[in-house]
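Counting in numbering that gives the first Met the number 0, the sequence shown runs from 0 upward without gaps.
Don't be surprised by glycine CBs; every beta carbon is placed ideally from N, CA and C.
For reference, the structure is listed below as structure tokens.
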Amino acid sequence: MDNIRIKNIKNNFKKIYNRNCTLLYQAPGRVNLIGEHTDYNGGFVLPVAIDRCIAVAAKPNNENILRLHSLDFNNTVSCKLNNIKYDINNGWANYPLAVAKVLQEKGFKIKGADLVFEGNIPQGSGLSSSAAIEVVSCITFASISGLRISKKELPVLCQKAENDFIGVKCGIMDQFVITNAKKNSALFLDCRNLKYQHIPFNNKNISIVIANTKLKRKLVNSAYNERRKQCEEGVKILKYFFKNIKMLRDITTSQFEKYKFNLPSIIRNRCEHVVYENERVINALRLLKKNKINEFGILMNESHESLKNLYEVSCKELDALVYTAQKVEGVLGSRMTGAGFGGCTVTLVKNKYIDKVIKTMTKEYQSKFGIKPEFYISQTENGAGKI
Ligand code: ADP
Ligand code: MG
């Protein structure tokens, strides 16, 4: 985070609470390179943290109150520690409050504090600003209250906050990578047992270009829940043939091929995406370890086809960005990322072609939809921590 932002959040803390902050923490956004809609199926993902983050300035207040101020919403919410509830009027502040509530439910005693939040992760665009605000809140509460929470437990608590308090049934990927990411690497995560590896991702000639469709995602929650159900439905039927399968992650592509015709066609397509996407992540991992980044890009393209045709979570805007990018020289691979129906695409590009890609994508997209897409060029970053 640059010095101007740090100065700004410190100065604002002083203006708002009339004293100096003592703690500064940040949590980044994330983008998933490959492994989409696999996390809630106990499968594999390969995300990175990006160089955009939410920051918190904080100081204990020795009162049993949380005071939460957002510079981006220009809004303060105060809440007694013994009376934390979801309140729609609290808007953005429900995220830190959700985390405080879950910590309390788990038996952690948290102390009163004054906090100021500020961020530059685009909101509601699938780069997981929600998980970032949860994780940065959790770290801050833990630090102020002297709690010891491991980096494996912390994302699970934050996921629970989003599931139970906010009501979004997200998987574990976002909170986990935001907590545990390492600069110059991608994080390979097994979402069933939370075992992970940092995989070097530091080719200086290649950048991650994220393109935002700027669509308001409307369908996303209902479609997401529907996909989850369809995957569970698939597991139920496949159980007749494989007793031990608990999640789609438990079945290989060849096992799936043998029995897939027992599934109704829509369920079969959903499951086929997940089973092959898991295999693609494993292949992607192998390629990355051998530094075969061109082949890695091809898997990204295949992932997009599968999300579009089998999982049916793309849309014409995402497709337009992806297919335009894939045709430009210097692009290794491009696909939609996140839940779908809007949000962002992720593209791997050789640095000297970045301008060309952005120009071409902007031109195509603008002429088709009359909207100017936004771009974020990123390298991989560290996970959440002290500033
Ligand atoms: P995404 O996680 O894809 O960015 P969500 O809808 O899940 O989108 O989460 C966005 C919400 O997170 C915002 O509406 C807001 O409530 C909260 N949020 C994100 N960034 C900030 C910020 N900088 N300050 C305060 N709240 C934020
Ligand atoms: Mg979110």
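Taking all protein chains shown into account, Asp249 has 16 or more neighbouring C-beta atoms within 10 Å of its C-beta and is therefore buried. If you draw a straight line from the Cα of Asn162 to the Cα of Ala383, it comes to about 21 angstroms. Note on geometry: alpha-carbon atoms of Tyr258 and Val234 lie some 12 angstroms from one another. Distance from the CA of Met299 to the CA of Gly332, rounded to the nearest whole angstrom, comes to 5 angstroms. In this structure, DSSP gives His303 a helical state, which the three-state scheme calls helix. By the CB criterion at 7 angstroms, Phe200 and Leu188 fall outside the cutoff. A straight-line Cα-Cα distance of about 38 angstroms links Ser128 and Glu256.
Contact check between the segment 325–345 and the segment 24–42: three or more CB pairs, one atom from each, fall below 8 angstroms, which counts as touching. Collapsing the DSSP output to three states places Val356 in a helix. Ser366 and Thr344 have their C-alpha atoms roughly 18 angstroms apart. Taken atom to atom, the span from the alpha-carbon of Asn7 to that of Leu287 is near 39 angstroms. When Cβ pairs closer than 8 angstroms are counted between the two stretches, the segment 37–53 is seen to touch the segment 178–197, the count reaching three or more.
Near the ligand MG, meaning a beta-carbon closer than 7 angstroms to one of its heavy atoms, we find Ser127, Ser128, Ser129, Ala130, Val167, Cys169, Asp173.
Under the rule that a run must span 4 or more residues, the alpha helix (DSSP H) segments found entirely inside the segment 226–258 read 252–258. Taken atom to atom, the span from the alpha-carbon of Glu271 to that of Ser302 is near 12 angstroms.
In this structure, the C-beta of Phe240 stays at least 6 angstroms away from each heavy atom of the ligand ADP. Per DSSP, the continuous alpha helix (DSSP H) segment holding Glu316 begins and ends at 315–326. For the 7 angstroms CB-CB criterion, Ala160 and Val101 form a contact. Non-local beta-carbon contacts of Asn211 in its own chain, meaning distances under 7 angstroms to residues more than five positions away in sequence, involve Pro121, Ser124, Cys343, Pro372, Glu373 in chain order.
The segment 161–223 contains, as complete alpha helix (DSSP H) runs of 4+ residues, the segments 172–179 (chain order). In this structure, DSSP gives Glu117 an extended state, which the three-state scheme calls strand. Judged by DSSP secondary structure, Asn2 falls within the alpha helix (DSSP H) whose first and last residues are 2–16.
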